[in-house]
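In the working numbering, the protein residues as written are 74 to 500. For every residue, glycine included, the Cβ atom is placed at its ideal position computed from N, Cα and C. Read the structure below first, then the notes.
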Amino acid sequence: MTNNAYTDHLGRPLIAVTGMGIVTSLGQGKEDNWQALTGGVSGIHAITRFPTEGLSTRICGTVDFMDAPNIASELSFTLADAATREAVSQSGINGDFDGPLFVAAPPVECEWTDRFALADESGHGSEQDNAYNGLLEVMRGKPHPGFTRRALFGTVAERLSDSYGTRGLPVTLSTACASGATAIQLGVDAIRQGRTERALTVATDGSVNAEALIRFSLLSALSTQNDPPEKASKPFNKDRDGFVIAEGSAALVLESLEAAVARGANVLGILKGYGEKADHFHRTRSSPDGAPAIATVQAALDDAGLDASGIGYINAHGTSTPENDKMEYLSLSTVFGDHLPAIPVSSNKSMIGHTLTAAGAVEAVFSLLTIQTGTLPPTINYENPDPAIELDVVPNTKREQSVTSVLSNSFGFGGQNACLVMTAEPA
């Protein structure tokens with residue numbers, strides 16, 4: 074019979090994290106990222122990947138130091154592979170991983186360069202009316218494996234599965250900015266339900282291109298405070314004007330605590346609970362009453378078996394958009410009430426930008442590092458506080474403070490909301 078030390082308040086297996094990997098604009102690997110993040114260093118910079126003349130936003134948090142083509146699916150795979158390699162190595166699992174794989178990947182479309190190349194191959198590239206028919210004709214005529222690999226939504230997961238020997242068909246998902254947290258939730262569920270003793274969860278996004286930038290700009294979602302770039306992302310400031318688009322990847326190896334202890338693994342923390350709720354208020358806007366976010370935060374606490382006094386630190390979604398920051402504060406103040414002033418709350422996005430599909434997993438890694446090190450990352454650029462948002466945002470400089478429990482929030486477009494609760498390993 075399973076020892077009670079290995080089960081939670083509902084009798085379910087406790088979920089241990091035994092490996093983590095990360096890549097952001099701050100660097101590759103946990104050590105470089107954590108040193109920069111806690112040092113208040115920004116990874117936001119001017120865009121050099123494509124021309125920005127005439128664009129209102131000319132800054133980003135892209136990962137420009139990886140050796141990969143500037144094609145969304147290829148770069149997303151390269152980022153995911155680097156993070157996964159670090160996580161699996163730290164876990165000490167050798168050979169085939171032998172557990173399911175859950176991957177959050179950006180919902181990329183066919184690259185325009187590929188479309189133009191195929192149209193040119195058909196001989197109709199310069200004829201606007203015939204170009205699309207020509208593209209289809211070429212695709213019917215012979216295989217184009219490179220194009221197919223770049224265009225298929227599940228290609229990142231399939232390549233990772235081949236590389237690391239995961240079990241079964243890999244799952245690829247996209248739940249907007251909550252995707253990374255959702256991938257982790259699926260891994261937790263697989264272990265809790267007894268379908269596996271371990272799961273590999275990965276989230277990646279290398280999709281910053283001109284088309285993505287223009288689309289988000291048309292939604293008035295991006296900051297236009299281009300100079301200096303590192304000052305643009307300013308969560309919870311009165312003069313915040315939008316998020317900074319960014320790239321990154323993170324991977325976590327999840328195991329039942331009992332299995333991890335049995336094989337002598339080093340436990341980095343516990344995935345104690347999650348909450349996930351969706352709403353249909355608007356395709357991009359948050360519900361102004363904050364109800365979906367409130368319900369998600371409360372569901373995460375309930376799933377973890379904690380009340381409002383049980384959280385020591387909050388890793389905020391903190392996008393730096395006027396509406397989302399206000400909604401997040403409403404949800405936190407509603408759930409935590411009088412406890413909130415005593416809970417530090419900071420936003421990693423002030424330094425790395427918004428890594429979109431990867432954000433929930435990236436911030437889960439940072440949350441676990443907060444527990445491990447007793448260091449709270451700052452919210453930089455906090456120079457003009459919004460008087461309507463009364464939070465202890467760990468302003469501008471890191472804080473040394475021991476915490477044993479963290480809530481990490483991810484609130485996405487389309488009403489996709491997910492929250493994770495992470496704790497230290499039980500004694």
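Identify every residue that forms a DSSP beta bridge with residue i.
i      : result
ASN388 : SER419, SER481
ILE132 : ALA119
ALA497 : DSSP lists no partner for ALA497.
PRO124 : DSSP, once it has assigned bridges, lists no residue as partnering PRO124.
GLN101 : VAL96
VAL326 : GLY92, LEU273
HIS353 : Per DSSP, none; premise fails for HIS353.
ALA491 : GLU349, SER483
GLU159 : None; GLU159 has no bridge partner.
GLU436 : Looking at the DSSP assignment, GLU436 forms no beta bridge with any residue, so it has no partner.
ALA177 : LEU246, ALA276
PRO86  : THR80
ARG472 : LEU449
HIS217 : DSSP output for HIS217 lists no bridge partner at all.
Which residues in the same chain as residue i place their Cβ atom closer than 7 Å to its Cβ, once the five residues preceding and following it in sequence are excluded?
i      : result
MET74  : Confidence in MET74 is poor, its pLDDT being 39 and thus under 50, which makes the residue's placement too unreliable to answer from.
ALA160 : GLY92, MET93, GLY94, ALA324, LEU325, VAL326
PRO302 : ILE117, HIS118, ALA119, ILE132
TYR402 : ILE462, LEU464
GLU147 : ALA141, ARG223
ASN457 : ASN310, LYS311, ASP312
THR470 : GLY113, PRO451
Might you give, ordered along the chain, the residues of its own chain that have their beta carbon closer than 6 Å to the beta carbon of residue i, omitting 5 neighbours on each side?
i      : result
ALA156 : GLY94, ILE95, VAL96, SER322, ALA323, ALA324
LEU259 : PHE175
SER329 : PRO86, ILE264, GLU270
SER360 : ASP352, PHE354
PHE62  : Here the chain has residues from 74 to 500 only, and residue 62 is not among them.
SER164 : THR91, GLY92, VAL326
ILE88  : VAL261, ILE264, LEU327, LEU344
Kindly list the residues whose CB is nearer than 8 Å to the CB of residue i, restricted to its own chain and excluding five residues on each side of it in sequence; keep chain order.
i      : result
PHE299 : The question names Phe, but residue 299 is Asn in the sequence shown. Taken in chain order, the residues that qualify are ALA119, THR130, ARG131, ILE132, ALA305.
GLY426 : SER98, GLY116, ILE117, CYS133, GLY134, SER306, PHE316, VAL317, ILE318, ALA319
According to DSSP, is residue i helix, strand or coil?
i      : result
LYS345 : strand
VAL317 : coil
VAL275 : strand
LEU291 : helix
LEU449 : strand
VAL408 : helix
ASP465 : strand
PRO301 : coil
ASN77  : helix
GLU456 : coil
GLU210 : helix
ASN310 : strand
What's the C-alpha gap between residue i and residue j?
i      : j      : result
PRO460 : MET424 : 22 Å
VAL90  : ALA333 : 9 Å
MET495 : LEU442 : 11 Å
SER475 : THR446 : 8 Å
ARG351 : GLY196 : According to the sequence as given, residue 351 is Ala; it is not Arg. In a straight line, the C-alpha of ALA351 is about 47 Å away from that of GLY196.
ARG358 : GLU331 : 42 Å
ASN339 : MET400 : 38 Å
CYS492 : ASN421 : 15 Å
ILE318 : LEU341 : 29 Å
LEU292 : ASP171 : 42 Å
SER162 : SER234 : 16 Å
ALA145 : PRO216 : 21 Å
GLY253 : ASP193 : 38 Å
ILE367 : GLN489 : 13 Å
GLU436 : LEU110 : 11 Å
ASP262 : PRO124 : 44 Å
PHE189 : ASP362 : 45 Å
GLY410 : MET139 : 44 Å
PRO417 : ARG213 : 58 Å
GLY279 : LEU152 : 7 Å
GLU396 : GLY102 : 32 Å
HIS82  : GLY348 : 16 Å
Does the ligand FAD have even one heavy atom less than 7 Å from the beta-carbon of residue i?
i      : result
GLY227 : Annotation note on the ligand FAD: not contained in the displayed structure, which lists no ligands.
Report yes if the CB atom of residue i is closer than 8 Å to the CB atom of residue j, and no otherwise.
i      : j      : result
VAL479 : SER440 : yes
ASN482 : HIS390 : yes
THR255 : THR245 : no
TYR477 : GLY385 : One point to set straight first is that residue 477 is Thr, not Tyr, in the sequence displayed. Going by C-beta atoms, THR477 is nearer than 8 Å to GLY385.
THR430 : PRO179 : yes
LEU344 : ILE257 : yes
PRO173 : THR80  : no
SER149 : VAL229 : yes
Would a check of beta-carbon distances place residue i closer than 8 Å to chain C?
i      : result
ALA500 : The structure shown contains no chain C; it is built from a single protein chain.
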